[in-house]
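I have placed the structure first, in the form of structure tokens, so that the comments after it can refer back to it.
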Amino acid sequence: QVQLTESGGGLVQTGGSLRLSCLASGDTSRVHAMGWYRQYPGQQRELVAAISGTTITNYRGSAKGRFTITRDAAKNELYLQMNDLKPEDTAVYYCHAVDMPTGGEFWGQGTQVTVSS
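Residue numbers are given in this note's numbering: position 45 of the sequence shown equals residue 47, and the series is strictly consecutive.
Structural data, given as structure tokens:
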């Protein structure tokens with residue numbers, strides 16, 4: 003089992019920045035791919051950014067050029083640096099990890115990001 007704990011959400015004005023962190027604990031040796039998802043009220047979660055290993059990244063279109071996902075494998079931490087935030091980035095952000103041997107998925111509890119206009 004892998005436990006994921008997010009931090010770093012909050013309220014910021016349009017154009018501001020936030021850095022989300024996700025600490026992984028438990029059997030982290032099985033985790034290869036990690037990512038950040040967000041969820042708007044009443045909607046399904048959507049992928050914001052993902053990373054395989056520590057270097058292969060993938061972003062949804064609206065995040066490209068503004069968000070950066072990084073991973074510190076030694077500290078078992080995942081980060082999402084969000085710059086030039088917009089009101090449409092307001093959502094609950096979730097950390098996600100995949101157990102590569104089994105395909106099992108793990109989720110954090112979520113952290114609220116609110117961008118005021």
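The beta-carbon is built from N, C-alpha and C at its ideal position, and this holds for glycine as well.
Cα-Cα, which of G44, Q3, R32 and T92 is closest to T16?
Out of G44, Q3, R32 and T92, T92 has the C-alpha closest to the C-alpha of T16.
According to DSSP, is S118 helix, strand or coil?
strand
Under the criterion of a Cβ to heavy atom distance below 7 angstroms, does R32 qualify as lining the ligand NAD?
Absence of the ligand NAD from the depicted structure is noted, as is the absence of any ligand whatsoever, leaving it without description.
Using C-beta distances below 6 angstroms, list every residue in its chain close to I71, excluding the 5 sequence neighbours before and after it, in chain order.
A51, I53, T59 and L82
Identify which residue in T57, L13 and Q3 has its Cα closest to the Cα of L80.
Relative to the Cα of L80, the nearest Cα in the group T57, L13 and Q3 belongs to T57.
How big is the Cα-Cα spacing for R68 and P89?
14 angstroms
In angstroms with no decimal places, state the Cα-to-Cα distance between G110 and R21.
16 angstroms
Checking 8 angstroms against the spacing of the C-beta atoms, do V100 and A26 come in under that value?
Contact: no.
Excluding sequence positions up to five away, which residues of its chain have a Cβ less than 6 angstroms from the Cβ of L87?
If we look at L87 and ignore the five residues flanking it on each side, its Cβ neighbours are V14, G18 and V117.
Measure how close the beta-carbons of V94 and G112 come, nearest whole angstrom, since I'm counting them as under 8 angstroms.
4 angstroms
Going by DSSP, what residue range makes up the beta strand (DSSP E) through L80?
E79 to M84
Whole angstroms is fine: what's the gap from G10's alpha carbon to S23's?
6 angstroms
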